[in-house]
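Just so you know, we're using our numbering here: the sequence shown kicks off at 49 and counts up by one.
Cβ atoms here follow ideal geometry from the backbone N, Cα and C, with glycine treated the same way.
Heads up: the structure comes next, in structure tokens.
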Amino acid sequence: AALVQMLSSLRDADGNTTVRGLDNTQTWSGAPYPTDQFVADAHVLTGEHLLGDGTVSDMLWARPALTVLGIDCPPVVGSAAAIQPRARARLNLRVPPGMDAVHAQDALIEHLKAVAPWGVHVEVEREASGQPFLAETDGPAYAALREAMKEAYGVPSTSLGQGGSIPLCNVFHDTYPDAEIILMGVEEPLTLMHAPNESVDPDEIAAMALTEALFLKSYGS
């Protein structure tokens with residue numbers, strides 16, 4: 049019961065992440081993610097409400113997001129009518145660019161300890177954290193890439209956010225602060241990256257191969 053109460057404090061009635069000390073009011077300034085498109089992409093069922101009081105783009109790319117990844121407790125099968133002496137949960141906290149990941153982790157730990165009811169003992173095991181990354185997209189490399197993608201796909205490209213930064217981006221940025229950081233991935237909206245049923249449209253592979261070739265030809269000349 050104590051763990052359930054602690055976890056429930058991490059979201060408010062609207063579904064916003066509510067970790068004490070972390071701003072959850074930021075707004076996204078890039079291209080929007082239309083609500084109807086997100087509902088279709090995420091297979092949201094009729095009658096279900098989206099979480100948070102911001103736009104889809106705000107919630108995905110501009111604000112912290114807390115997810116419970118797993119809970120250790122007796123399974124339903126074989127459970128008994130007995131009070132459990134301990135329980136644990138694994139949490140994931142995604143933070144947007146401009147928010148320090150270590151500070152956010154500290155804030156989450158302090159929040160959990162502060163809301164722990166009935167004098168229960170709280171033990172926290174930290175896992176590795178990764179800093180968010182905000183790319184600077186106004187340089188010549190990005191300009192060449194946009195032109196290459198436009199030629200390969202037949203339509204202008206757009207800039208969107210991503211739910212999880214790749215830690216390697218910050219390593220490159222810290223090592224080469226004046227460089228433009230570009231990582232190319234082969235995926236499309238239905239790829240379901242990292243899911244058990246991940247797949248990729250062969251046309252996407254062909255288009256990205258052409259994009260890379262056109263980019264290297266243009267940027268290297």
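Delimiting residues of the beta strand (DSSP E) encompassing residue i
| i | result |
| --- | --- |
| Thr115 | Ala113 to Asp120 |
Cβ-Cβ separation, residue j to residue i (assumed contact under 8 Å), whole Å
| i | j | result |
| --- | --- | --- |
| Thr83 | Val104 | 6 Å |
| Pro112 | Ala152 | 6 Å |
| Ala149 | Pro180 | 7 Å |
| Pro80 | Ala110 | The pair is not a contact, with the Cβ atoms about 11 Å apart (cut-off 8 Å). |
| Cys217 | Leu231 | 7 Å |
Reference residue i; option with closest CA among the options
| i | options | result |
| --- | --- | --- |
| Arg174 | Leu193, Asp154 and Val92 | Asp154 |
| Ile270 | Ala255, Ala50, Leu70 and Val143 | This structure does not reach residue 270, given that the chain is present from 49 up to 269, and the question cannot be answered. |
| Met256 | Pro188, Leu193, Gly78 and Leu238 | Leu193 |
| Glu96 | Thr75, Gly63 and Ile214 | Gly63 |
| Trp76 | Ser57, Ala90 and Gly102 | Gly102 |
| Leu117 | Gly126, Asp106, Asn140 and Val125 | Asn140 |
| Gly202 | Asp60, Leu258, Gly100 and Arg142 | Leu258 |
| Ser100 | Gly126, Val234 and Asp60 | For the record, residue 100 in the displayed sequence is Gly; it is not Ser. It is Asp60. |
| Glu184 | Pro225, Thr115 and Met241 | Pro225 |
| Glu252 | Glu235, Ala176 and Ser56 | Glu235 |
| Leu182 | Met147, Ser247, Val52 and Ala191 | Met147 |
| Pro188 | Gly268, Phe86 and Val125 | Gly268 |
| Gly142 | Glu171, Ala254, Val124 and Ala176 | First, the residue type needs correcting, since residue 142 is Arg and not Gly in the sequence shown. The shortest Cα separation from Arg142 among Glu171, Ala254, Val124 and Ala176 belongs to Ala176. |
Residue burial classification, residue i (beta-carbon count within 10 angstroms, cutoff 16)
| i | result |
| --- | --- |
| Ala128 | exposed |
| Leu208 | exposed |
| Pro122 | exposed |
| Trp166 | exposed |
| Arg134 | exposed |
| Leu93 | exposed |
| Arg136 | exposed |
| Thr65 | buried |
For residue i, the first and last residue of its enclosing alpha helix (DSSP H)
| i | result |
| --- | --- |
| Ala200 | Pro188 to Tyr201 |
| Ala137 | Premise fails: Ala137 lies in the beta strand (DSSP E), Arg136 to Arg142, not in any alpha helix (DSSP H). |
| Leu258 | Pro250 to Tyr267 |
| Ser205 | Ser205 -> no alpha helix (DSSP H), and no H or E assigned at all. |
| Phe86 | Thr83 to Asp89 |
| Thr223 | Pro215 to Thr223 |
| Ala149 | Ala149 to Val163 |
| Val52 | Ala50 to Ser56 |
Proximal residues to residue i (C-beta, below 8 Å), its chain only, five neighbours per side dropped
| i | result |
| --- | --- |
| Arg19 | Past the edges of the chain, shown from 49 to 269, lies residue 19, and the structure says nothing about it. |
| Phe220 | Ala227 and Ile229 |
| Lys198 | Pro204 and Ser205 |
| Asp89 | Pro237 |
Residues of its chain near residue i, where Cβ-Cβ distance is below 7 Å and the 5 sequence neighbours each way are ignored
| i | result |
| --- | --- |
| Glu195 | Ser266 |
| Met54 | Leu160, Val163 and Ala164 |
| Glu260 | Met232 |
| Arg138 | Leu117 and Gly118 |
Cutoff 6 Å; reference residue i; Cβ partners in own chain excluding five residues on either side
| i | result |
| --- | --- |
| Gly78 | Ser207 |
| His169 | none |
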